[in-house]
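Student: Residues 33 to 339 in our numbering are what the sequence shown lists, from first letter to last. The beta-carbon is built from N, C-alpha and C at its ideal position, and this holds for glycine as well. Before I ask anything, let me first share the structure, which is written out below as C-alpha cells.
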Amino acid sequence: MRLLTPTRQIRPSGRRSARAASVFVGIALAAGATVPVTAVAHASEAPASVTVVNAAHRGASAYFPENTLLSFREGIALGGDLTELDVQRSRDGELVVIHDTNLARTTNVEQLFPDRAPWKVSEFTYAEMLSLDAGSWKDPKFAGEKIPTLSESIQTIRNGSGGMLLEIKAPDLYPGIEAEVAAEMSTFPGYVQSAVAAGRLVVQSFSFGSMKAFKSLEPTIPVGLLGTPTIAQLPELATWADQINPYHYSIDAAYVAEVHRLGMECLTWTVDSDADIRRAIDLGVDGVITNRPDALKRILADGVARG
C-alpha cells in the first residue's frame with residue numbers, strides 16, 4: 033500500500049543498499065534469470081533510491097511558534113511535504129489547532145485570564161482564544177500570532193500546495209470530534225480528493241479507537257496510529273489502519289520491515305538532529321516528522337544517509 037508520494041529522494045547507506053540488492057538478486061533468480069557473479073559481488077555498491085516524506089511537525093516549529101499559520105507557511109517553504117498539526121475543540125464547538133490540552137504554554141492566557149486555571153482548551157470559546165497572543169512565547173518578534181481554526185489551517189496548507197498530517201488530539205476529551213473533523217474536511221472537497229489521490233493527506237491519533245471511528249466515517253482517507261504497538265498487534269491493525277507512526281527511538285529496522293510486510297507505512301517522530309534524521313532514514317521509514325524540515329531537506333539533497 034503506497035499512500036505517500038514524497039518529492040525528494042535519498043541514497044541509503046551501504047546496509048540498506050545491500051538489502052535492496054539482495055532483493056533484486058532473489059527476484060531475478062526466482063524468475064529463472066542468470067545473475068552474473070560480478071553483479072552479485074558489486075550489488076552493495078549500486079545506488080538505490082529511497083523515498084522519504086518530509087513532515088513539518090507543527091509547521092517549522094524549531095524556528096516559528098508551533099501550530100500557527102506562519103509556522104505552516106514556513107514549514108512548506110522550508111521543504112515540508114506534509115504539515116503536521118493538532119486539532120482540538122473550543123467550548124463553543126470550533127475546531128482549533130493547538131497541541132497542549134491547556135493554553136498556558138503557548139499563549140499569554142495566564143496574564144489575560146488569571147482566574148481561569150488550568151486554562152483548558154475545552155473551557156474557552158474561540159472568541160476568547162482569539163484575544164490571546166500565540167507567538168510571543170517563542171520570541172517577541174512573533175507577537176500577535178493567533179491560534180488558528182482547522183478551516184484556516186486547511187486553507188493555508190492548500191494555498192501552499194502542501195499535504196496535511198492531521199492529529200486528532202486527546203479525542204476522549206471531545207466526544208464526536210471524528211465526525212466534526214470529517215465534516216470540516218468535506219467543505220474542501222477538491223483539496224481532500226486531490227490530496228488523497230496524491231498520497232498527501234493522513235489523519236492520525238494516539239487513540240486507536242478514534243482512528244477506527246474516523247475510518248468508518250471516511251474510508252478513503254488514510255489513518256495513522258501513533259505509538260509503537262507490539263509486533264503481535266500489527267496483523268490485526270493492518271486490517272484497517274494505513275500507517276504505524278512511532279517514536280523514532282522505540283523502533284528498529286526489523287519493526288519497520290514488519291510494518292511494511294503487512295502493507296502499512298511508517299512515519300516516525302519527532303526527529304531533529306542530523307544524526308537522528310539519518311538514523312531514521314536508514315531504518316527504512318516512509319517519512320520523518322521533524323521540527324526542522326529544512327534539515328531533512330538538506331540531508332535528502334545530500335543523497336547519503338550516514339547511519
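Quick check on the DSSP output: what are the complete beta strand (DSSP E) runs of length 3 or more inside the stretch 121 to 181, in order along the chain?
Tutor: For the stretch 121 to 181, whole beta strand (DSSP E) runs of length 3 or above, ordered along the chain, are 127 to 129.
Student: Comparing alpha-carbon positions, which option in V85, N86, S103 and V84 lies nearest S93?
Tutor: The candidate whose alpha carbon is nearest that of S93 is S103.
Student: Starting from the C-beta of L110, find all residues in its chain whose C-beta is less than 6 angstroms away, skip the five residues before and the five after it, and write them out in chain order.
Tutor: Cβ within range, chain order: A92, P325 and D326.
Student: Answer yes or no: do A312 and M296 have a C-beta to C-beta separation smaller than 9 angstroms?
Tutor: Going by C-beta atoms, A312 is not nearer than 9 angstroms to M296.
Student: Distance check for P203 and S237, CA to CA, integer angstroms please.
Tutor: Straight-line Cα distance between these residues: approximately 8 angstroms.
Student: CA-CA distance, L198 and Q225?
Tutor: In a straight line, the C-alpha of L198 is about 15 angstroms away from that of Q225.
Student: Under three-state DSSP, which class holds A65?
Tutor: Only weak support is given to the placement of A65: the predicted model assigns it a pLDDT of 39, under 50, and the question is left unresolved by the model.
Student: Across which residues does DSSP place V320 in a beta bridge pair?
Tutor: V320 is bridged to N86 and T300.
Student: Take E210 and list the residues in its own chain whose beta-carbon comes closer than 8 angstroms to its own, dropping the five residues that flank it on each side.
Tutor: Excluding sequence neighbours, E210 sits near I200, P203, S242, A245, F246 and L249.
Student: Taking the C-alpha atoms as reference points, what is the distance between F96 and D284?
Tutor: Using only the alpha carbons, I get a separation of about 31 angstroms.
Student: So the beta strand (DSSP E) E199 belongs to, where does it begin and stop?
Tutor: Note, E199: beta strand (DSSP E), G195 to I200.
Student: Is the Cβ-Cβ distance between L233 and I263 less than 9 angstroms?
Tutor: The answer is no: Cβ separation not under 9 angstroms.
Student: DSSP three-state call for T260: helix, strand or coil?
Tutor: In the structure shown, T260 sits in coil (DSSP, three-state: anything other than H, G, I, E or B).
Student: Under a three-way DSSP split, which group does N277 fall into?
Tutor: The answer is strand: DSSP assigns N277 an E or B state.
Student: Spatial neighbours of I59 within its chain, please: C-beta separation below 7 angstroms, excluding the five flanking residues on both sides.
Tutor: Residue placement at I59 is flagged as unreliable, the pLDDT there being 28, under the threshold of 50; the coordinate-derived value follows with that caveat. Excluding sequence neighbours, I59 sits near nothing in its chain.
Student: Return the Cβ separation of I108 and G192 in integer angstroms, given the expectation that the two are a contact with Cβ distance under 8 angstroms.
Tutor: With 8 angstroms as the limit, I108 and G192 qualify as a contact, their Cβ atoms being about 4 angstroms apart.
Student: So which of D318, H292 and L332 has the shortest CA-CA distance to D306?
Tutor: D306 has its Cα closest to that of L332, out of D318, H292 and L332.
Student: I'd like the span of the alpha helix (DSSP H) that includes L266, first residue to last.
Tutor: Taken as a continuous stretch (DSSP letters only), the alpha helix (DSSP H) holding L266 covers L266 to L269.
Student: Start and end of the beta strand (DSSP E) containing S237?
Tutor: Element bounds for S237: L233 to S237.
Student: In the DSSP assignment, what residue or residues form a beta bridge with T219?
Tutor: Looking at the DSSP assignment, T219 forms no beta bridge with any residue, so it has no partner.
Student: Once you ignore the five residues that flank I179 on each side, which residues in its own chain have a CB closer than 6 angstroms to its CB?
Tutor: The answer, listed in chain order, is V128, I130, M161 and A166.
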